[in-house]
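Just add 107 to wherever you are in the sequence shown, counting from 1, and you've got the working numbering.
Glycine included, every Cβ here is placed at the ideal spot set by N, Cα and C.
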Amino acid sequence: MNYTFINVRDFLPDFLQELSKGHVPKKLGDYLLRLIFKSHRIKGKEGDYYLKSAPNKPKSDLKPFITIDDLVPYFIDECEQNFMSIDRYFGSYLLHILIRDLHDGLPKASQFTIGKLDRFFRKCLDKYAQSFDPTICNMKICYYAKNCLEIDFEYAKKKYELNAKEKLSKLIAGILQYPETSNPKQLEEMFVKMQVFIITNFNIGCPQNAESLNSVLGKGDLQKYVLKKRYHRLDYLQRLSSTVCGIVTFNNYKQQKNKDNNIMTDLEMAQNNTKDALDEGLKRASMCIQKGTRIMQSLIRVDTVQQKVQYFYAAAKTREINKFVILFLVYRRHLERIKGEFEKTQSLIEVTQKKFKCVIDKISDIIKHRSAIETDVIFPHFVYLSNVWLSLVLHLNHLTEINKLKDHLDELLNENMENHYHSICDATKNFNKFCAMEASFHELMFVNSEVEGKLDPLKTQNFLKDYCAFTLALTNGLLVPSQVERKLSQNMDITFGFANINVAQSSEEHLSLFFSTFKHVIFNSADMVLLFELEGQIIRQDVDLVRQIVSNNKDSSTQTESGTLLSGQNKMENTWNVWDYHRKTIALANVRKKQTNSTQTIVSSGKRNSQNQCSGDGINQLH
């Protein structure tokens with residue numbers, strides 16, 4: 108077995124044997140049978156038919172692989188049976204990450220059994236049901252923050268504009284339906300709908316604004332609108348609404364009669380509240396991280412003289428504290444990103460406010476000491492003011508989205524979880540300082556680490572500097588604060604942190620084993636994957652591997668069997684198929700055949716034959 112898929116041909120004999128002995132849970136066994144024998148369904152006692160006839164089944168009737176995504180419906184159904192609601196996409200996200208965990212995941216090929224698959228599902232259900240499980244909470248935070256696109260201002264702007272456009276289209280249709288020869292009652296209805304359209308379009312809905320709107324938008328505007336040709340009405344309505352909004356906004360700002368609807372006050376209050384909430388969350392996370400890492404430093408010791416790692420506390424409890432430390436690290440990272448977006452929005456608000464005051468001052472200068480002003484002079488400024496007003500409204504809405512995301516993260520990492528974390532940390536105060544367990548360096552290192560993946564230095568740099576990388580590798584992800592920074596290899600643009608200079612020297616002595624073990628730990632621990640933001644890379648690798656395997660294993664009834672060719676000194680496996688060559692040869696021949704006589708006469712005979720020739724070298728380049 109691979110983390111990505113189960114090869115049915117290797118898995119089927121043992122599975123059928125265990126199924127016949129009754130060692131497989133009935134529900135899981137039936138589900139896997141439906142997956143494997145994809146052209147049949149099991150009803151009643153038909154399961155016995157599969158047990159007897161499975162060895163004689165044709166290859167085309169078998170599903171060649173069982174992927175992680177094939178197991179998602181079973182996991183979702185099990186959650187629903189236990190009265191736990193779960194999103195299908197989050198269920199897939201959870202299985203892709205948790206299946207490779209060394210403690211809670213699935214073993215690889217030589218150790219894999221159907222019973223262990225069932226126990227893996229039981230573990231997933233138990234972890235998802237626990238309200239204080241740090242790994243599941245960590246996954247929920249990462250998944251929600253990744254899919255909350257509204258934190259980006261440009262995305263939020265497009266979303267709000269699209270929603271406003273859908274709402275306003277109905278209002279516009281209601282206004283445009285009236286004929287040019289409308290009676291007084293229809294004119295009155297149209298006038299009210301125009302007011303509603305302006306208020307809704309520019310978010311100026313308020314009783315006092317409605318009164319000021321009546322003083323600005325008069326019957327004369329309605330008469331001009333009715334006299335317009337039908338195909339000019341929409342353009343006139345949009346210009347009129349922008350102008351009216353600018354006038355109402357200018358009057359409200361200058362007169363300051365409507366302090367309750369003053370957007371400047373709302374923006375200032377929203378910015379202060381958001382800043383205070385983010386600072387408080389960051390302070391809370393930092394305090395919890397410092398407390399946990401300080402405890403971890405006292406529970407673990409790396410003895411470089413005897414080349415051993417010593418544990419002074421129960422391994423399960425130590426690992427639980429470490430999981431909470433990682434959870435608060437991820438929580439703080441997302442808060443820092445939210446704060447970065449908030450600061451960008453703050454700068455945009457500052458620029459927009461300056462524009463707003465500049466336009467207000469410009470309009471005030473134009474109307475000062477003047478009794479009559481041409482509309483062509485003043486109205487464009489009102490239109491621009493309405494656009495600036497809309498920008499301020501969008502910034503206020505974006506601050507609302509930022510607060511929604513922060514509140515949801517706080518809801519996931521709630522006060523109860525924090526209290527549980529403090530309780531398990533406080534329990535370590537009474538431990539006796541004797542060595543509960545110890546292991547040598549060579550016992551903890553992985554000589555052959557079969558891991559495919561690449562660490563991004565930009566994402567991992569801060570974490571690797573702050574914590575001892577050598578301790579992390581030897582203890583399968585336990586975080587101990589670092590005191591020394593060192594760049595171990597010129598070929599790797601990463602600076603590692605170490606607990607002390609002796610640990611740094613020891614890592615240099617075991618450099619190749621350290622790198623191999625470090626990478627193995629990072630990619631085979633669910634918490635490490637979330638900490639280093641590798642979940643997207645892992646899921647992409649899983650999907651690409653499944654596509655590659657499926658494309659290389661075609662149906663034998665329609666295509667020749669795939670073969671494996673060892674080529675080159677590196678003995679790399681290359682999949683080849685003779686019919687692929689034939690099809691490409693035919694395709695190139697058809698291209699040459701379709702060329703017209705006029706095209707062939709333009710170039711010389713030699714050039715024509717050379718550019719269309721199907722050579723063996725060209726075929727080899729396709730691979």
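Sorting Asn609, Gly584, Ile601, Lys691 by C-alpha distance to the C-alpha of Leu209 places Gly584 at the top. Between Pro291 and the set Phe419, Gln330, Cys244, the nearest pair of CA atoms involves Gln330. In this chain, the alpha helix (DSSP H) harbouring Met301 covers 291-309. By the CB criterion at 7 angstroms, His505 and Phe239 fall outside the cutoff. Counted as a single uninterrupted DSSP element, the alpha helix (DSSP H) harbouring Asp386 occupies residues 370-406. Taking the Cα positions, Glu375 is about 13 angstroms away from Glu450. Counting along the chain, Gln417 sits inside the beta strand (DSSP E) bounded by residues 415-418. When Ser349, Leu213, Ser199 are compared, the shortest CA-CA separation from Leu497 is found for Ser349.
The shortest C-alpha to C-alpha distance from Ala252 to any of Leu579, Val437, Ser530, Asn526 is the one to Val437. When Gln612, Lys382, Phe419 are compared, the shortest CA-CA separation from Lys513 is found for Lys382. In this structure, Thr452 places its C-beta atom within 7 angstroms of the C-beta atom of His502. The shortest C-alpha to C-alpha distance from Glu525 to any of Val610, Leu434, Glu448, Leu202 is the one to Leu434. In the three-state reduction of the DSSP assignment, Met246 falls in the helix class, which pools H, G and I. Thr535 places its beta carbon 7 angstroms or farther from that of Leu499. According to the DSSP secondary-structure assignment, Asn114 is paired through a beta bridge with Phe172. If you compare the alpha carbons of Lys464, Thr400, Val650 with that of Leu579, the shortest gap goes to Thr400. DSSP, reduced to helix, strand and coil, places Met524 within a helical segment of the structure shown. One thing to note: Glu257 has its Cβ no nearer than 7 angstroms to the Cβ of Glu443.
Inter-residue distance for Val323 and Leu347 is about 11 angstroms (C-alpha atoms, whole angstroms). The straight-line gap separating the alpha-carbon atoms of Ile645 and Leu637 is approximately 11 angstroms. The three-state reading of DSSP puts Arg207 in coil, since its state is none of H, G, I, E or B. Residue pairing from DSSP places Phe605 in a beta bridge opposite Val591.
In the three-state reduction of the DSSP assignment, Glu642 falls in the helix class, which pools H, G and I.
Shown here, Asp634 sits in a helix according to DSSP, grouped into three states.
In this structure, Ile279 lies away from Val351, with their beta-carbon atoms at least 7 angstroms apart. Taking C-beta separations shorter than 6 angstroms and ignoring five residues to either side along the sequence, the partners of Tyr528 in its chain run Phe431, following chain order. For Glu457, the enclosing alpha helix (DSSP H) has its first and last residue at 422-474.
Gln655 has its alpha-carbon roughly 31 angstroms from the corresponding atom of Thr242.
Remark: C-beta atoms of Val591 and Val409 do not approach each other more closely than 7 angstroms. Taken through DSSP and simplified to helix, strand or coil, Asp259 comes out as coil. Thr288 counts as exposed, since fewer than 16 other beta carbons sit within 10 angstroms of its beta carbon. DSSP places Phe144 in the strand class (E or B) of the three-state scheme. According to the DSSP assignment, Ala576 belongs to the alpha helix (DSSP H) that extends over 576-581.
Collapsing the DSSP output to three states places Glu545 in a strand. Counted as a single uninterrupted DSSP element, the alpha helix (DSSP H) harbouring Asn504 occupies residues 482-519.
Residue nearest to Ala236 within the set Cys186, Gly388, Ser276 is Cys186 (criterion: CA-CA distance).
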